[in-house]
Structures are given as C-alpha cells and as structure tokens.
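Protein chains in written order, with my numbering: chain W, 4 to 303; chain H, 674 to 960; chain B, 64 to 663.
If you want it as structure tokens, here you go:
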C-alpha cells in the first residue's frame with residue numbers, strides 16, 4: 004500500500020518537474036545555471052529511472068535533499084516529527100476515551116435530555132470545521148483571557164509543563180470534531196448491540212444489568228468503535244495541518260504547507276510517504292486489536 | 674409413459690472454493706429427476722440437502738458444473754444470458770419469503786407487470802392479463818395500487834403466485850412457498866396451488882421440508898440428503914413405505930397431531946433408530 | 064376459498080411529505096435555499112464589487128456608507144464579498160461533490176452488481192484514495208498544479224468518490240442478494256434493467272444523504288486550504304476572508320465574525336438537513352425513546368390510580384405460575400398505546416408442560432416475554448398480575464428480576480445462532496450465570512458446564528466448551544442454550560418455539576431432550592408453539608390464543624378429541640391430515656395445446 008502510494012504520488016509530483024530548475028533559481032538566473040541545476044537534480048532522466056533512484060534512496064532511509072534549502076529531507080522531517088506526533092497522539096487518545104464515554108453514556112440514557120444534549124452538541128461539533136473552533140479558542144482564551152499563548156510550541160524534552168501548556172488549545176481544537184462524530188457513531192453501535200437477541204438472552208439468565216452492559220455489550224460494540232477511531236486518525240492528520248499553521252507549531256503540517264507553496268517536491272514526497280507509513284502502522288495496530296476483540300476475524 | 678417436460682440428468686453443482694487450499698463445495702452430487710407435464714413433484718429434504726440448489730439450478734440461479742437440464746428437449750443448463758431470458762417464458766418461481774420476494778417500494782401493479790414488460794407485451798394486453806391474474810389468485814382489484822407492506826404473508830404469496838403465472842409458464846419452481854405462513858393460511862394457499870395446477874396444467878417442482886405438505890400436494894416425491902436423491906417414487910408409496918433409512922428416519926421424526934398416535938410413533942422411532950444403529954455397528958446414526 | 068381480508072396497515076406517508084412536516088428540515092432547508100439563491104443572484108443584490116478596494120473606507124462599521132456589514136481592512140464591502148465569495152465556495156463544493164457522485168456511483172454500481180475483476184480493482188483503488196488525509200494529498204497536488212480552485216475541488220471530488228463508491232457498492236450488494244432481484248432475473252429482465260429498476264431505488268437515499276455531508280466537508284477543506292494561504296488570491300471566497308481576518312485578529316476581530324458565522328450556519332444546516340433526510344427516508348416507523356418514556360409514565364400512573372385491590376396472593380403448593388388478567392401493550396409513535404394482549408388468565412403447575420399455541424399475532428410470545436419482563440422496546444404490562452412464589456412479578460424492578468431470571472425462571476429462545484454472544488466462548492457464557500446464582504468457583508462451574516453439555520447430547524463437550532458461537536452448528540447451539548437454561552436449577556422453563564428454526568430430525572431429538580430433562584428435573588414448562596404435533600408430543604395441557612385472548616384451554620388429549628371454539632376448530636381443520644394424499648397423476652390429453660407446444 005505504501006509502495007503504491009509512493010508510485011502514484013511520485014508520478015504526480017515529478018511529471019511536471021521539468022521546469023523546476025528554472026523555478027528554483029528564479030527568472031534572473033542564466034540559462035547555463037538552470038541547465039546545470041537541471042542536470043544536477045537528475046530531472047532530465049525518464050520518470051521510471053528517477054523513481055527508481057528515489058526508491059533505492061528511500062529504502063536506505065534517505066529521502067534526498069530539499070530543493071530550496073541545503074538540508075536533507077530526513078532531517079527536516081525528523082526535527083518536526085515529535086511535535087506533530089505528540090499533538091496527534093494526545094488528541095487521538097483523548098478523543099477515543101472521551102468519545103467512548105460520551106457515546107456509551109448517551110446510548111444508555113437514550114431518549115433523556117442527556118442524550119439529546121449529547122446529540123445536539125455532536126452535530127454542532129462535527130459540522131463546524133475544526134479551524135473555526137481553533138480561531139474561536141485563540142480569540143477567547145489567548146487574546147481576551149490571556150490564559151494561553153496564541154502561538155508557539157515547547158518541546159516535551161524541554162519542559163513537560165510547558166509542552167502541555169502549549170498544546171492545550173491545539174489539542175482541544177483537533178479533538179472537538181473527532182469526538183463529536185465518533186461519539187455519535189459509538190452511540191449508534193452501542194444501541195445496535197443492545198437491541199440484539201443475545202442481549203435479551205443474557206438478561207434472561209439473570210446476569211446483573213451492569214454485567215450485561217459493561218462486560219458483554221461494550222465488548223461487542225468495541226469492534227465497530229475501533230473502526231471509527233481508525234477513521235478519526237486519518238481525519239486528524241488532515242486537521243493537524245491547519246491547526247499547526249494557526250498555532251505556529253513546528254510540525255509536519257506547517258512544513259507541508261510551506262513546501263507546497265514553494266514547490267519543494269522532494270520534501271513533499273518525503274512527507275507524503277512518512278504519513279503513509281504512519282497511517283499504515285496505526286491501521287495495522289488497530290487491525291490486531293480488532294482481531295483480539297472479534298473472534299470471527301481471527302481465523303484469517 | 675408421458676414424455677417428461679423437465680429432465681435432469683446427473684446434475685452436479687459445485688461452488689468454487691474461497692481462498693486457497695480448500696476444496697470446492699459440491700452442493701449437488703449427480704442428481705437425476707424428471708417432471709411430466711401438469712405433474713407436481715415434491716422435493717423433500719433438510720438444510721444442506723441441496724433441494725434449494727436444485728431448484729435454483731433449473732432457474733439459472735446456480736451454476737451447472739456437470740450434467741444436463743432439458744426442458745421439452747431443449748438444454749437449459751449452461752446457456753447464455755440471452756437464451757436464459759427466452760426460457761423465462763416457460764419456467765417461473767415462487768420463493769419462500771413473502772417479505773423479501775416482492776420489492777417493497779413497487780406497487781402490486783408494477784410487480785405483476787414486470788415479467789410482462791420484460792417480454793415487451795403491449796400495455797393494454799398487460800393490463801388485462803394483470804386483472805385476470807388477480808382473479809386467479811383471489812385478490813381484489815384494488816390491490817393494484819397498494820404496496821406489499823399493506824398485505825399479510827398469505828396475501829403476498831398470492832401476489833408472488835400471480836407474478837409466476839403472468840407469462841403462462843409450463844413449470845413453476847416452488848421453493849418452500851408455504852413454510853413461512855401460518856397454519857390456517859398454509860392450507861388455503863396449498864389448495865390454491867392445486868387448483869391452479871388442475872386448471873392450467875402447469876407443472877410444479879415443489880420444494881419443502883414439511884412432510885405433510887409434500888404428501889398433500891405432490892404426485893411424486895423425491896427425498897434429498899447431502900446433495901443426492903436417496904429415494905423417489907409415487908407419493909403414497911414413498912410416504913407410507915419408505916425404503917431408504919434416511920427417509921424412514923425423516924418420516925418418523927415429524928410429530929403427529931394426535932397425542933395417542935404420537936406416543937406410538939415415538940416408540941416406533943426409538944425402535945427404528947436403535948435398529949439402524951445396530952445395523953451400522955453400534956454407532957449412533959447421524960441425523 | 065375465502066376472499067382476501069382487508070389490508071394489514073395503511074401506507075405510511077411518503078418521504079417528501081415527512082420532510083415537509085419536519086420543522087428541522089424546513090428551517091435548515093430554508094436557510095440553505097436562501098444562501099443558494101443569495102449567492103446565485105449576488106450581482107442583483109449588492110451594487111458593490113467584492114474586489115474593489117477603497118482604503119478610505121477601511122474598516123467601516125456596520126451600515127456605514129451603505130456597507131451592510133461594514134468594510135474590511137482594504138475597504139472592500141464585506142457583504143458583497145460574502146455573496147460573491149459564496150458563489151465560488153459553493154460552486155467549488157458542488158464541483159467536488161458532483162465529481163464524487165459521478166465517479167463513485169458508477170463504479171459502485173458496476174463493482175457491486177457485476178463483481179469480479181472490476182470489484183477487486185476498484186476496491187484497491189478506493190483503499191488507496193482513502194489511505195491518506197485529503198488535505199495532505201491536496202497540498203501535494205497544489206505544488207504541481209498551482210492554486211486553481213476548480214482543479215483542487217475536482218481532485219478532492221475524486222478523493223471523496225471512494226466513500227461514495229463504498230456506500231453504493233455495499234447497497235448494491237445487499238440488494239443483489241434479495242429474492243426480488245432473483246425473481247426479476249427469472250422473469251427475464253436484463254441486468255441493466257434490473258439495476259435501473261431495483262438497485263437504483265435503494266441507492267438513491269443514502270447517496271443523497273452522503274452528498275449533503277460531502278458538501279459540508281468540501282466547503283470546509285476549501286476554507287482550510289485558503290486559511291493556509293494556499294488558495295487562489297484572485298478569487299474571493301469565504302476561506303480567503305477567514306485567512307485575511309485571522310491575520311488581523313488582534314486589530315479588528317470583528318472581521319472574523321461574518322464569514323465564521325456564515326460558514327458555521329451553512330455547515331450546520333447541511334448536517335441538520337441531511338439528518339432530516341435520513342429520518343424521512345427511513346421506512347420503519349419506530350417509536351422514539353422519549354415517547355416511550357412518556358407513555359410508560361402514564362401507564363404507571365394509571366396502575367396506581369385504578370385502586371389497590373391487592374387481594375392477598377394465595378397460591379397452591381402445586382401452582383408455579385399464575386397469570387391474572389394480564390394486559391400487554393406497546394407504545395406507538397404518536398404516543399398512544401396499542402394493546403396486544405387483552406386480559407388473559409393461565410397457570411402452570413409444578414412438573415407439567417403447558418402448551419401455548421397460536422398463530423402469528425396471537426400474543427403468545429409476548430405473554431412469554433412479559434412473564435420475565437423481557438418485552439421489546441416500547442412494550443409494557445398494562446395491567447393484571449403475574450404471580451410467582453407469592454410475589455407479583457409485574458411489580459419487580461430490573462435489579463430484582465435479575466435474581467429471579469435464570470435461577471427460578473429460565474428461557475429458551477427460538478433462534479439459536481443469534482442468541483449467543485459472539486464475543487465470548489460457549490463455556491464462558493455457561494459459567495458466568497452459574498457462578499452468579501450458585502456461587503460456584505470457576506473450576507466447579509466449568510466441570511458442571513461440561514457435564515451439562517454432555518447431558519444435552521453434545522458429543523465432544525470439552526471442545527464445544529472452548530468454542531465460539533460461530534464455530535458450532537444450529538442444532539448444537541440450541542442444545543447449548545438448553546443447557547444454559549437448566550444450569551441453575553430453575554423451577555419453570557419458558558421455551559419460545561425452541562424447535563422452529565431447526566431441521567425436522569434435529570427437532571425430534573431436541574423434543575426428546577426436553578422431555579427427558581423435564582421428567583428428570585421435575586421443572587414446569589411453558590411451551591410456546593404454533594405446531595400441533597409438538598403439542599401432541601410433549602404438552603400435558605394446552606391453551607389456545609387468538610389475537611391477544613385465550614379462546615380455549617384443556618387437557619391435551621381432550622382438546623385433540625373435541626374442540627368447541629370456532630377458532631380452535633378452524634386451526635384443527637387446517638392441519639393436513641396424513642391420509643390426505645394427492646390423487647394419482649393423470650397425463651394431460653395428447654391433443655392438449657400445451658403438449659403440442661412442447662413437442663414443437
């Protein structure tokens with residue numbers, strides 16, 4: 004899968020890269036300089052050859068060098084990896100926990116005002132784009148109340164407290180949309196499980212209501228719940244791009260935005276492949292978890 | 674000896690294996706059966722016997738791996754899609770489930786018109802035919818503009834029967850058509866089947882698991898087990914004097930609606946199973 | 064032959080009517096319509112040019128100098144920018160959704176109906192498209208194709224199509240296996256006609272709903288790209304306005320307000336409208352939980368006020384269960400109560416098997432459920448008493464019932480496979496209730512469970528103990544359920560058509576098993592069934608129900624010999640007599656047209 008992505012994206016990016024040398028050096032560079040750069044970057048070679056060169060490098064862990072900065076792509080990505088990963092991981096875990104709580108609680112209290120409140124809030128949270136929340140959060144908490152700095156990021160290695168402080172607003176902005184839609188789906192999954200025949204039969208055996216709900220129903224709803232979380236992850240990776248830019252956090256998101264503007268193709272390529280690898284790993288983990296939860300899946 | 678209308682010879686239906694290292698599944702292992710014009714042949718069996726697969730193979734809904742199915746002398750087993758559509762004029766179906774065999778969002782008129790429109794029957798003629806069909810199955814004419822959900826299970830089966838009769842077929846495959854109906858409705862719908870057969874001369878392959886039903890409606894009975902026909906013959910003969918051990922077990926297993934008689938049958942069944950087990954060397958006979 | 068009886072129910076309102084009656088749909092739909100019209104007619108509504116910068120009017124307030132909503136930091140009219148920006152934003156989103164629907168629906172239809180290689184290919188393609196976040200792909204694309212809004216939205220449409228593809232494909236696959244599609248094929252319809260007539264009907268609704276959600280996402284992503292500063296600077300758009308405003312957040316926060324509010328309202332309306340659409344297209348008429356709660360409250364109030372004529376509960380030593388004047392009803396969507404059991408009386412004595420026979424709709428299963436308080440959602444006991452060991456079960460709470468169920472009264476369900484928890488092994492499900500009710504240790508319970516599995520005729524009890532429900536057959540699963548029912552030594556077993564879902568030969572074995580267990584343990588059994596053969600085989604007494612009432616009762620042998628009530632007569636009359644065999648086959652006339660047709 005990662006392989007397929009790399010092929011497709013590479014083709015897309017490099018297909019029009021002929022004029023890259025000119026773009027890098029600008030309109031005032033001499034033709035000879037452009038031609039020399041063109042050759043240096045290997046842009047004259049046919050596409051499959053360029054891809055093969057890239058691939059051999061990538062498998063060794065070398066994504067090449069940026070076109071606009073004298074740094075290795077690896078280094079650029081590596082420096083920014085912790086920031087984004089910390090942001091997304093924290094958001095995902097918190098989002099998963101919150102969504103489970105809220106979704107299950109709403110399912111159990113179905114029809115009451117609690118359930119209706121949850122549903123209304125979920126609709127709002129899921130519909131309104133995350134960046135609007137981010138902007139509102141910055142406006143209220145950073146600018147007006149001054150509790151948080153509107154931008155900036157402290158590495159966890161420097162100061163854990165500072166790190167928490169700097170990611171609070173971004174995490175909240177990232178999570179709202181995720182929790183809202185996940186909670187709705189988890190609620191639906193839970194309601195579906197509770198209406199199954201075997202739940203009635205379990206009740207008929209005289210098991211305590213809390214055993215039926217928390218031991219049996221929850222276990223069966225967890226599978227669909229995990230699928231929901233997996234989807235959330237991909238969505239969050241997209242959302243983090245904007246959030247990082249709004250909060251000026253030095254992670255993937257800001258790098259990809261900058262590279263996109265400039266047209267720094269090797270960096271973009273490296274970023275895309277890294278993201279693909281991360282997504283694949285996370286999906287793999289979740290698949291394993293699914294197998295543990297759902298005996299029917301284990302056979303394969 | 675009347676020439677058979679439908680002739681099935683050594684039919685094998687095999688479904689390809691899913692995933693590697695698994696053998697393909699043989700639903701039918703060489704089945705031979707014939708049906709004469711205007712005859713009702715009952716096909717009895719339990720789940721996994723292959724009775725439904727046999728019906729589906731005749732209808733073109735299951736793949737024919739080996740063997741032949743001929744209708745009036747013409748091969749209908751492994752034919753092209755276009756040829757299959759020609760066959761639709763002669764072979765029709767009534768399914769078991771009255772709730773899912775009719776499209777819930779189509780009106781009765783649309784449902785009954787479907788087979789007619791498929792053969793480009795002109796509208797006026799179609800309309801007349803639909804009105805006649807409703808009469809034949811004893812449904813009121815105002816049923817036309819209603820949806821299936823407004824009707825009971827028995828009524829929906831009548832609609833399914835009407836749809837099957839639309840093209841005036843020679844053979845109708847009835848796949849457990851009364852199994853999902855209430856007791857009192859069952860009897861009425863069965864009588865309708867018999868009445869239609871006597872009036873129009875259509876033949877039936879009547880698939881069921883209910884022994885009383887098959888006795889009531891079939892001229893001949895074939896018993897299926899594990900993809901094969903283990904016994905067949907005249908209804909009276911097969912149901913009162915079965916030869917094959919499985920058929921004997923099958924008849925004994927169905928409870929009789931009379932306490933005294935049922936107690937007797939229970940005892941007979943116990944003796945039969947013991948005898949069969951002894952014959953098989955003391956191993957309990959798998960039902 | 065009787066003529067058809069009256070139709071069972073009236074047709075529910077069509078989806079369009081439902082929508083028009085839903086206030087949420089009307090409000091959100093109305094707002095959406097308003098926005099669409101406003102952006103479409105933008106030039107007619109405002110005289111300002113959205114791109115005309117006039118620094119003299121910088122940051123004009125609301126209403127100043129003809130600016131409806133004021134002017135932004137470059138002196139451009141905000142209202143005009145909202146309208147014209149809306150044009151671009153909405154058109155862009157429509158483009159994306161259009162592409163998604165076109166690509167997704169066609170590929171989904173083909174893959175779902177025809178399958179095979181196309182299915183494999185498109186599944187892989189869809190996985191590829193969904194593997195990465197859309198934003199990342201769009202930014203990568205932007206590096207190559209530049210800032211064009213239309214190209215970006217077209218690409219996004221392709222990404223979105225993966226979701227539509229999956230939706231359409233699964234809907235088509237579900238329909239393809241329906242019997243009415245088989246019937247259409249047998250009727251001779253071509254594949255394309257079948258797809259057109261049957262399949263598209265099913266697909267329309269979900270696709271429409273998804274389209275509304277996709278519109279919302281498309282607008283959001285557009286805005287996202289523009290906030291990053293990667294949008295098309297020559298085109299005014301909501302996202303662009305947000306980007307401008309954000310950079311001026313400290314200086315003029317009000318600039319944020321208008322595009323944010325508009326976008327948020329637009330997104331909300333789309334979601335609410337999509338939800339209303341989903342409700343309208345949902346054919347089933349389910350009663351909402353809120354309605355159910357209200358109805359139940361009313362029922363409780365009624366019970367309290369109809370006088371406490373609580374006569375002392377006296378039961379013979381012999382009597383296990385006595386049902387008095389039991390009325391059961393369900394809450395309807397409109398808040399009324401539909402009574403389905405109208406005051407029945409019956410009793411089960413110690414050690415006897417009572418048959419409860421009736422057709423569908425008779426209320427027999429509901430009565431069985433009501434005894435154990437296991438009625439489906441919306442059902443409740445409206446009146447009467449369910450007397451058990453000196454208590455009225457109808458007054459018990461759920462928690463109190465947990466001590467009665469399983470331990471004193473056990474239940475055997477009808478459908479074996481769907482009544483076992485798929486995530487736990489057979490053994491775990493047997494052991495858990497035993498440990499709770501009998502206080503056994505895990506080892507003791509395991510031993511007892513395995514012994515029980517052996518008793519109910521399972522050949523390899525240890526293996527089945529460790530197995531999951533999907534690994535055992537239907538007959539075995541039913542035996543497991545029976546083992547579970549007797550495991551805690553109950554006094555009464557309620558069996559709800561326990562053999563209906565089984566083959567005839569397996570049925571006979573299960574009946575044998577039930578009979579021997581009943582004799583050995585001396586339990587009472589309430590056997591719900593529709594099969595007279597089963598009644599004759601196993602029941603001591605029988606009670607006949609019709610439409611929520613008991614019409615006749617008596618000893619089994621007596622009942623079969625003579626029956627009084629017309630309904631009972633009708634039921635018995637419908638039993639196919641073993642003597643009733645079809646007349647011998649008569650070959651049709653050789654001159655018959657049909658024969659001639661055959662041989663031609």
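Where a beta carbon is used, it is the ideal one built from N, C-alpha and C, also for glycine.
Taking a 10 Å sphere around the C-beta of residue 912 (chain H), we find 16 or more other C-beta atoms and assign the residue as buried. For residue 603 (chain B), the nearest beta carbon of chain H is not closer than 7 Å to its own beta carbon.
Of the other Cβ atoms in all chains shown, fewer than 16 fall within 10 Å of the Cβ of residue 146 (chain W); this residue is therefore exposed. Under DSSP, residue 608 (chain B) takes part in a beta bridge, and its partners are B:613. Burial is judged here by how many other beta carbons sit within 10 angstroms of a residue's own beta carbon; residue 506 (chain B) has fewer than 16 and is exposed.
Residue state for residue 897 (chain H) is assigned as strand, using DSSP reduced to three classes. With contacts defined by Cβ atoms closer than 7 Å, residue 243 (chain B) and residue 776 (chain H) form a contacting pair. At least one C-beta of chain H is nearer than 7 Å to the C-beta of residue 423 (chain B).
Here residue 886 (chain H) has 851 and 863 as same chain residues with Cβ atoms under 7 Å from its own Cβ, once five neighbours each way along the sequence are excluded. Annotation: residue 284 (chain B) to residue 80 (chain B) spans about 34 Å, alpha carbon to alpha carbon. CA-CA distance, residue 85 (chain W) to residue 254 (chain W), rounds to 8 Å.
Counting only Cβ-Cβ distances below 7 Å, residue 651 (chain B) has contacts in chain H at 710, 711 and 874, in chain order. Neighbours of residue 935 (chain H) in chain B, taken as residues whose beta carbon is under 8 Å from its own, are 596, 599 and 600 in chain order. Residue 500 (chain B) and residue 469 (chain B) have their C-alpha atoms spaced approximately 8 Å apart. Taking a beta-carbon distance threshold of 7 Å, residue 435 (chain B) counts as an interface residue toward chain W. As computed with DSSP, residue 443 (chain B) is found in a beta bridge with B:392. Distances from the CA of residue 270 (chain W) to each of W:52, W:65 and W:37 were compared; the closest alpha carbon is that of W:65. Taking 8 Å as the upper bound on Cβ-Cβ separation, chain B lies near no residue of the segment 155-176 of chain W.
Using a Cβ distance threshold of 7 Å, residue 725 (chain H) and residue 883 (chain H) do not count as a contacting pair. Interface residue (Cβ-Cβ distance to chain B less than 7 Å): residue 927 (chain H) is classified as such.
At a cut-off of 7 Å between beta-carbon atoms, residue 216 (chain W) makes no contact with chain B. When CB distances to chain B are screened at a threshold of 7 Å, the residues of the segment 766-794 of chain H falling below it are 766, 768, 770, 773, 774, 775, 776, 778, 787, 788, 791 and 792, in chain order. Its chain contains 687, 688, 689 and 690 as the residues whose beta carbon lies nearer than 7 Å to that of residue 697 (chain H), once the 5 sequence neighbours on both sides are disregarded; these appear in chain order. When DSSP reads this structure, residue 685 (chain H) sits in a beta bridge with H:702 and H:739. A contact between stretches requires three or more CB pairs, one per stretch, nearer than 8 Å, and the segment 550-559 of chain B meets this requirement with the segment 471-486 of chain B. Under DSSP, residue 451 (chain B) takes part in a beta bridge, and its partners are B:384 and B:454. Put simply, the backbone Cα of residue 561 (chain B) is about 11 Å away from that of residue 569 (chain B).
Within the model, the alpha-carbon separation for residue 135 (chain W) versus residue 563 (chain B) is close to 58 Å.
DSSP places residue 514 (chain B) within a helical segment (H, G or I) once states are collapsed to three. When the five nearest sequence neighbours on each side are left out, the beta carbons in the same chain lying within less than 7 Å of the beta carbon of residue 350 (chain B) are those of 394, 395, 396 and 441, in order along the chain. Counting along the chain, the unbroken alpha helix (DSSP H) around residue 221 (chain W) starts and ends at 221-250. Only 305, 309, 312, 313, 316, 319, 323, 326, 327, 330 and 331 from the segment 302-332 of chain B bring a Cβ to less than 8 Å from some Cβ of chain W.
The Cβ of residue 77 (chain B) sits no closer than 7 Å to any Cβ of chain H. If you ignore the 5 residues before and after residue 225 (chain W), its C-beta comes within less than 8 Å of the C-beta of 296, all in its own chain and listed in chain order. Around residue 233 (chain W), the same chain offers 285, 286 and 289 as residues with beta carbons nearer than 8 Å, after the five sequence neighbours per side are excluded.
Contact residues of the segment 524-552 of chain B toward chain W are 531, 532, 533, 534, 544, 547, 548, 550 and 551 (C-beta to C-beta distance below 9 Å).
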